[in-house]
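Everything below concerns the one structure shown next.
There are 2 protein chains.
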Amino acid sequence: MSTETMLSFEKDCSECPIRHRAVCARCETDELELLESMKFYRHFKAGSTVLWSGDEMPFVASVVAGIATLSQTMEDGRRQMVGLLLPSDFLGRPGRAIAPYDVTATTDLTICCFKKKPFEELIVSTPHISQRLLEMTLDELDAAREWMLLLGRKTAREKIASLIAIIARRDAALNRHDHRNAFTFDLPMTREAMADYLGLTLETVSRQVSALKKDGVIELSGKRHITIPDFDRLMDETGDDADGGPLV
Amino acid sequence: MSTETMLSFEKDCSECPIRHRAVCARCETDELELLESMKFYRHFKAGSTVLWSGDEMPFVASVVAGIATLSQTMEDGRRQMVGLLLPSDFLGRPGRAIAPYDVTATTDLTICCFKKKPFEELIVSTPHISQRLLEMTLDELDAAREWMLLLGRKTAREKIASLIAIIARRDAALNRHDHRNAFTFDLPMTREAMADYLGLTLETVSRQVSALKKDGVIELSGKRHITIPDFDRLMDETGDDADGGPLV
DNA sequence: TGGCTTCCTTGATCCATGTCAAAGAATTGA
DNA sequence: TCAATTCTTTGACATGGATCAAGGAAGCCA
């Protein structure tokens, strides 16, 4: 599961790309040293399963690179994604032994793991960690509530536009763009994963993506590569208030 | 807004009905004394608005009695409930000045408030509070994810059955019943509020409630009073796994 | 008592999205 | 280079839930 080569941050937390956003963001040098002695990395290929719902969960982890999803499946196969974990997001819950959701690597994925037991002790003894975890959990709850509005009340077209806007924003936050109004990026997920995210079928996703393309809201090259000629135009299609927050 | 009479718990936290489940659950006697000196109560009538989205939010609070809801409204009036606050649940977020959702009293409501600033200081200095808040926030996130599955993938009939099961469970947790298989309680919300919760229209809610009644899954007297003759039968209608957790 | 007002129910119809089916692109591996 | 596989698109049709419309029931207060 693990690669042979060791990247610089795998020794040294201060080199880590998510150093300032992850659960360890507030840690001081001495606290980082403690984390360094406990952490271990795991890598997953795109499409592979990290954990099945019901599995024992021996670790908690931060996403370092790539994207993971949390999803629930009903007995008859209906499936809903309930979490999208981007770099710096936290996986797992202190005090929980069993995974409540399927965890899947949507792209190639690297996670920084801590054994559950020692991490739980750390939370009690290191307020910098528990405070940061609280903040991140509150952010996730806000995101979940946005998502509930999307699932309960938006049309298929608005759902697609919203998802594209979310991904564009995240991409803009990572890679600074020169142009203010032209965004280009790859969708990091299949049509089926988009459908699972949005509570739609993959056919409806495909049709609505085509419709947004036909109407000039997005430009497509290949199936995954998207250009947004006018971000405000895309925002109009999401159904959200005009002032849905600044772009970064 | 506030009543003239003071109930015993309004002086003495140890008398408080939510003492062992709220954000203060883990506090020791001396910590409770500190909270007692800071807290104040507010009361709202059923149907009244506690806060509008965008309002300044000068306090955080625990729900002591009654039910409050969080909801989002789109520009054209589409509305989705995104939180259901029952007694002991926490309202507000440390570090947030502006309410991001409409907060409504669904029933008569009593909340135990703390001014935001002093509470934020308390969180830093009192690990018993921040740890409990983390735990409660993680629970809310789990509930939000269940709800996302409901919104994204369940049929109207499954949604109604799920909501009734949730309320029945909560009611059973508060009021011990003698019979193992007969539950009776009042729906604490209008058909419209149910629709906002479930991502449906009120007409569909009404029709599906009638259908469940016709099929003998529930018994209705009046519009709000429900009896569940066979809880397992109801659970079959929710679409959830058979082992959706024990009843309390 | 009667007339508002609010909440709820039911019917008729429509339409957005799901379902079923087929075939086109892109990718992988032999 | 050619299957085989996976992902995607598109078409035809079905349907669950929304919409529009009317009226019933319960609570309230004058």
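Chains as they are written, first to last, in the working numbering: chain A, 457 to 704; chain B, 457 to 704.
Ideal Cβ placement from N, Cα and C applies to all residues, glycine included.
> How far does the beta strand (DSSP E) with Gly539 (chain A) in it reach, from first residue to last?
Replying inline: Arg535 to Leu541
> Do you know offhand how far Val661 (chain A)'s Cα is from Ile567 (chain B)'s?
Replying inline: 44 Å
>> Please tell me whether Val519 (chain B) has its Cβ less than 9 Å away from any Cβ of chain A.
In response: no
> Leaving out the 5 sequence neighbours to the left and right, which residues in its chain are closer than 6 Å to Met537 (chain A) when beta-carbon positions are compared?
Replying inline: Thr525, Ser527, Asp652 and Tyr653
>> Are the CB atoms of Thr485 (chain B) and Gly522 (chain B) within a distance shorter than 9 Å?
In response: no
> Residues of chain A with CB under 9 Å from Ser438 (chain B), in chain order?
Replying inline: This structure cannot speak to residue 438 (chain B), because chain B is shown only from 457 to 704.
>> My assumption, with CB atoms under 8 Å, is that Arg645 (chain A) sits in contact with Gly695 (chain B). Please give the rounded CB distance.
In response: Reading off the sequence shown, one finds Met at residue 645 (chain A), where the question assumed Arg. Not quite, the Cβ-Cβ distance comes to about 25 Å (not below 8 Å), so this is no contact.
>> Does any residue of chain A have a CB that is nearer than 9 Å to the CB of Met457 (chain B)?
In response: With a pLDDT of only 39 at Met457 (chain B), under 50, the local geometry of the prediction cannot be trusted, and the value read off the model is given with reservation. By this cut-off, Met457 (chain B) is not an interface position.
> Can you round the beta-carbon distance between Val520 (chain A) and Pro543 (chain A) to whole angstroms, since I take them to be within the 8 Å contact cut?
Replying inline: 6 Å
> Which word fits Asp688 (chain B), buried or exposed, when buried means at least 16 other C-beta atoms lie within 10 angstroms of its C-beta?
Replying inline: exposed
>> Please classify Ser470 (chain A) as buried or exposed, where buried requires at least 16 other C-beta atoms within 10 Å of its C-beta.
In response: exposed
> Between Leu590 (chain A) and Ser586 (chain B), which are expected to be in contact by the criterion C-beta below 8 Å, what is the C-beta distance as a whole number of angstroms?
Replying inline: 6 Å
> Under the three-state reduction of DSSP, which class applies to Ala521 (chain A): helix, strand or coil?
Replying inline: strand
> According to DSSP, which residues form a beta bridge with Leu516 (chain B)?
Replying inline: Sequence check: residue 516 (chain B) is Val here, not Leu. Beta-bridge pairing links Val516 (chain B) to B:Phe570.
> Under a Cβ-count criterion, where at least 16 other Cβ atoms within 10 Å of its own Cβ denotes burial, should Thr683 (chain B) be classed as buried or exposed?
Replying inline: exposed
> If we count the other Cβ atoms within 10 Å of its Cβ and call it buried at 16 or more, is Trp603 (chain A) buried or exposed?
Replying inline: buried
>> Residues in the same chain with beta-carbon distance under 6 Å from His681 (chain A), minus the five sequence neighbours each way, listed in chain order, please.
In response: Asp642
> When the Cα of Val559 (chain B) is compared with those of B:Pro685, B:Ala517 and B:Leu619, which residue comes out closest?
Replying inline: B:Ala517
> Is Ser493 (chain B) buried or exposed, if buried means 16 or more other CB atoms sit within 10 Å of its CB?
Replying inline: exposed
> In three-state terms, what does DSSP make of Ala561 (chain A)?
Replying inline: strand
> Are Arg647 (chain A) and Ala612 (chain A) closer than 9 Å when you measure CB to CB?
Replying inline: no
>> Suppose you measure from the CA of Ser666 (chain A) to the CA of Lys610 (chain A); what does that come to, to the nearest Å?
In response: 18 Å
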